[in-house]
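See structure below.
Number of protein chains: 2
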Amino acid sequence: MTTEDEPPQAPADEHADLWLAPGELASWLSVVRLMTRLPWAIDAQLQRDAELSMVEYMALAMLSEAPEWTLRMSVLAENTSSSLSRLSHMVKRLESRGYVRREADPADGRFTNAILLPAGMAKLESAAPAHVAFVRRLVVDNLSAERLRRLGQDAERILQRIDSPAR
Amino acid sequence: MTTEDEPPQAPADEHADLWLAPGELASWLSVVRLMTRLPWAIDAQLQRDAELSMVEYMALAMLSEAPEWTLRMSVLAENTSSSLSRLSHMVKRLESRGYVRREADPADGRFTNAILLPAGMAKLESAAPAHVAFVRRLVVDNLSAERLRRLGQDAERILQRIDSPAR
DNA sequence: TCATCTCACTTGAACCTTCACGTGGCGCCG
DNA sequence: CGGCGCCACGTGAAGGTTCAAGTGAGATGA
Chain A
30 MTTEDEPPQA PADEHADLWL APGELASWLS VVRLMTRLPW AIDAQLQRDA
80 ELSMVEYMAL AMLSEAPEWT LRMSVLAENT SSSLSRLSHM VKRLESRGYV
130 RREADPADGR FTNAILLPAG MAKLESAAPA HVAFVRRLVV DNLSAERLRR
180 LGQDAERILQ RIDSPAR
Chain B
30 MTTEDEPPQA PADEHADLWL APGELASWLS VVRLMTRLPW AIDAQLQRDA
80 ELSMVEYMAL AMLSEAPEWT LRMSVLAENT SSSLSRLSHM VKRLESRGYV
130 RREADPADGR FTNAILLPAG MAKLESAAPA HVAFVRRLVV DNLSAERLRR
180 LGQDAERILQ RIDSPAR
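Protein sequence lines, in the order shown, are assigned to chains A and B.
When we follow this note's numbering, the leftmost residue of the first sequence carries the number 30, and every step to the right adds one.
When we follow this note's numbering, the leftmost residue of the second sequence carries the number 30, and every step to the right adds one.
Okay, structure coming up:
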């Protein structure tokens, strides 16, 4: 697919060194569209079927696999790739829905633990099947095992660069 | 090559059929993290160096390659993967900054054309080098040509499923 | 020719994220 | 033991996106 179309007029004269080769550009634009629309699609599915956003689902899922259904806010923030502030607001909302609760770490009051409540676990379990099926249909079962593995590797490779200091 | 890593402990007991196989899950989580953090990184770079968001940059870039620097709002929305409403708000802001203007299509007043202004083109040209360099460092030059091509293909394949009706 | 329908936008409110700052617990150094 | 600084979080305002209506231009049909 895709690509490698020569534009009827070649406007990419002076853009050439400022920009990307046609094939590179096409691939990059596909990635951009994926980054924009895949989260949107997942959010829409979860919102429709479970009234959860993807980050909320991820948070519940992370907690459900943690010992004692408990995680520090900062760890949960890291695991869900969200800022502490965003997480704080989000957990407040989950708390008001009865899915989690917070308490200061008994051992060190500077930390706050987020704790999954039974209602939250129930919510997660009721949301999981449709969500997993959706992820399978869009991604996991849509790519060969090998390609999925490579996709994950590429993602890690890019993430590494994101985390590494400016240069 | 390469190996198939077994996780040291297998926690996926009863989750197994509700969820994904360990390798699948790992790949999927990598993709999720990529979808979350790559846009964030790009936005941060553009914001810092040019006070533009990624969508704004994309919109200017699309317009700059369109004939007469002109595109219908609906076409621009499609090309930037954003809703018409989002685009409308966004273009209003770009308009107030003097980068674009809007006018009703003379041939058919139902359509609205977004038109890139010289100041917008100048903005784009001044933002492009750093942005392109950043994209190269994170993605394009970080993957082999073959892997980049395949990444683009995988993205297209997933996008196709997103666009196809529920089943 | 005029009511009605359709379709591309536009708009304003609600919601969420971001940003900058504020707060409280605990270690540390005197 | 007492002030100081650091660090994990919390909070409120600002800004952007989403959602649900609203608007206006052209097609359609009587």
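All C-beta atoms, glycine included, are put in the ideal place defined by N, C-alpha and C.
If you run the structure through DSSP and keep just helix, strand and coil, what is A/L145?
Start at 1 with the first residue of the first sequence, and residue 145 of chain A comes out as number 116. Here A/L145 sits in strand by DSSP.
- Task: Use the C-beta contact count for B/K152: other C-beta atoms within 10 angstroms, 16 or more gives buried, fewer gives exposed.
- Result: As a working mapping, residue 152 of chain B is identified with position 123 in the second sequence. By the neighbour-count criterion, in which 16 or more other beta carbons inside 10 Å mark a residue as buried, B/K152 falls on the buried side.
* Within chain B, the residues that A/M64 reaches when beta carbons sit closer than 8 Å -> Sequence index remark: in the first sequence, residue 64 of chain A carries index 35 (1-based). Within chain B, the residues near A/M64 are L63, M64, L67 and P68.
To the nearest angstrom, report how far apart B/D192 and B/R101 are at their CA atoms.
As a position in the second sequence, residue 192 of chain B is number 163, starting the count at 1. As a position in the second sequence, residue 101 of chain B is number 72, starting the count at 1. Across the structure, B/D192 and B/R101 are spaced so that their CA atoms are roughly 22 Å apart.
Please identify the residue among B/W69, B/A50 and B/L172 whose C-alpha is closest to the C-alpha of B/S82. The count along the second sequence starts at 1 and reaches residue 82 of chain B at position 53. For the options B/W69, B/A50 and B/L172, the alpha carbon positioned closest to that of B/S82 is the one of B/W69.
message = Beta carbons nearer than 7 Å to chain B: which residues of the stretch 114-142 of chain A have them?
response = Within the stretch 114-142 of chain A, no residue qualifies.
* Asked: Can you pull the DSSP bridge partners for A/R130?
  -> Here residue 130 of chain A corresponds to residue number 101 of the first sequence, with the count starting at 1. DSSP lists A/I144 as partners of A/R130.
Give the range of the alpha helix (DSSP H) segment to which B/L92 is assigned.
-> For the purposes of this step, residue 92 of chain B is identified with residue 63 of the second sequence, where counting begins at 1. Here the alpha helix (DSSP H) through B/L92 covers M83 to E94.
key: Residue burial classification, A/P40 (beta-carbon count within 10 angstroms, cutoff 16)   = Taking the first sequence and counting its residues from 1, one reaches residue 40 of chain A at position 11. With a pLDDT of only 47 at A/P40, under the threshold of 50, the placement of this residue in the model should not be trusted; the figure read from the coordinates follows. A/P40 comes out exposed.
Starting from A/R215, find everything on chain B with Cβ-Cβ shorter than 8 Å and list it in chain order. Given that chain A is displayed from residue 30 to residue 196, the structure contains no residue 215 of chain A and the question cannot be resolved.
Check: Is the CB of B/I144 under 9 Å away from at least one CB in chain A?
Finding: Along the second sequence, read from residue 1 onward, the residue named residue 144 of chain B stands at position 115. Proximity of B/I144 to chain A, defined by a Cβ-Cβ separation below 9 Å, is not satisfied.
* Asked: Are the C-beta of B/L89 and some C-beta of chain A separated by less than 9 Å?
  -> Mapped onto the second sequence, residue 89 of chain B falls at position 60. It does not; no Cβ of chain A falls within 9 Å.
So, for A/N142: in the same chain, excluding its five sequence neighbours on each side, which residues have a beta-carbon less than 8 Å away from its beta-carbon?
Within the first sequence, numbered from 1, the residue matching residue 142 of chain A stands at position 113. Around A/N142: T99, L100, R101, M102, R131, E132, A133 and D134.
For this session: Give me whichever residues DSSP pairs with B/L188 in a beta bridge.
Result: Start at 1 with the first residue of the second sequence, and residue 188 of chain B comes out as number 159. Bridge partners of B/L188: none, in fact.
For A/L167, decide whether its Cβ has a neighbour in chain B, counting only Cβ atoms nearer than 9 Å. The sequence position of residue 167 of chain A within the first sequence is 138, counting from 1. Yes, because at least one Cβ of chain B sits closer than 9 Å to the Cβ of A/L167.
Excluding the 5 residues preceding and the 5 following A/I71 in the sequence, name in chain order all residues of the same chain whose CB lies nearer than 6 Å to its CB. Taking the first sequence and counting its residues from 1, the one referred to as residue 71 of chain A is at position 42. Annotation for A/I71: M83 place their beta carbon closer than 6 Å to its own, counting only its chain and skipping 5 residues before and after.
- prompt: So does the stretch 53-65 of chain A actually touch the stretch 85-93 of chain A, counting three or more Cβ pairs closer than 8 Å?
  reply: By the C-beta criterion, the stretch 53-65 of chain A is judged not to be in contact with the stretch 85-93 of chain A, since fewer than 3 inter-stretch pairs fall below 8 Å.
Examine chain B for any beta-carbon lying closer than 9 Å to the beta-carbon of A/V164, and answer yes or no.
In the first sequence, counting from the first residue as 1, residue 164 of chain A sits at position 135. A/V164 belongs to the set of residues whose beta carbon lies under 9 Å from a beta carbon in chain B.
* **Opening and closing residue of the beta strand (DSSP E) in which A/T99 lies** => Locating residue 99 of chain A in the first sequence gives position 70, where the first residue counts as 1. Residue range T99 to R101 is occupied by the beta strand (DSSP E) that includes A/T99.
- Message: For a contact defined as C-beta to C-beta under 7 Å, what are the partners of A/S82 on chain B?
- Response: Start at 1 with the first residue of the first sequence, and residue 82 of chain A comes out as number 53. In chain order: nothing, as chain B lies at least about 12 Å away.
message: Tell me the DSSP secondary structure of A/S114 in three-state form.
response: Locating residue 114 of chain A in the first sequence gives position 85, where the first residue counts as 1. Judged by DSSP in its simplified three-state form, A/S114 adopts helix.
Would you give the residue range spanned by the alpha helix (DSSP H) that B/W57 belongs to?
Locating residue 57 of chain B in the second sequence gives position 28, where the first residue counts as 1. Element bounds for B/W57: P51 to A79.
Give the interface partners of A/V15 over in chain B, defined as CB-CB distance under 8 Å, in chain order. Since the first and last residues shown for chain A are 30 and 196, residue 15 of chain A lies out of range.
Original post:
Would you call B/D137 buried or exposed, if buried means 16 or more other Cβ atoms sit within 10 Å of its Cβ?
Top reply: The residue you call residue 137 of chain B lines up with position 108 of the second sequence. B/D137 is exposed by the Cβ-count criterion.
Taking 9 Å as the threshold (beta carbon to beta carbon), is B/E157 in contact with chain A? Taking the first residue of the second sequence as position 1, residue 157 of chain B is located at position 128. First, the residue type needs correcting, since residue 157 of chain B is Ala and not Glu in the sequence shown. Yes - at least one Cβ of chain A is within 9 Å of the one on B/A157.
Notebook entry, point to check: Nearest chain A C-beta to B/G52 closer than 9 Å, yes or no?
Noted result: Taking the first residue of the second sequence as position 1, residue 52 of chain B is located at position 23. Yes, because at least one Cβ of chain A sits closer than 9 Å to the Cβ of B/G52.
Decide if B/A73 is buried, meaning its Cβ has at least 16 other Cβ atoms within 10 Å, or exposed. For the purposes of this step, residue 73 of chain B is taken as the residue at position 44 of the second sequence. In the assembly as shown, B/A73 is an exposed residue. Its beta-carbon has fewer than 16 other beta-carbons within 10 Å.
- Task: Tell me, please, whether the CB atom of B/L188 is closer than 9 Å to any CB atom in chain A?
- Result: The residue labelled residue 188 of chain B in the question sits at position 159 within the second sequence. It does; some Cβ of chain A falls within 9 Å.
Quick one: Cα of A/R179 to Cα of B/R126, how far? Counting from one through the first sequence, the residue named residue 179 of chain A turns up at place 150. Counting from one through the second sequence, the residue named residue 126 of chain B turns up at place 97. For A/R179 and B/R126, the distance between alpha carbons rounds to 42 Å.
Check whether the Cβ atoms of A/L200 and A/L67 lie closer than 9 Å to each other. The requested residue 200 of chain A is not part of the displayed model; chain A covers only 30 to 196.
With 9 Å set as the bound, which would you pick, yes or no: does the beta-carbon of B/I191 sit closer than that to a beta-carbon of chain A? As a working note, residue 191 of chain B is residue 162 in the second sequence. True, the Cβ-Cβ gap to chain A drops below 9 Å.
Exercise for review: Rank B/V129, B/R186 and B/P158 by C-alpha distance to the C-alpha of B/A148 and give the top, closest one.
Suggested key: Numbered from its first residue, the second sequence carries residue 148 of chain B at position 119. Measuring from the Cα of B/A148, the nearest candidate turns out to be B/V129.
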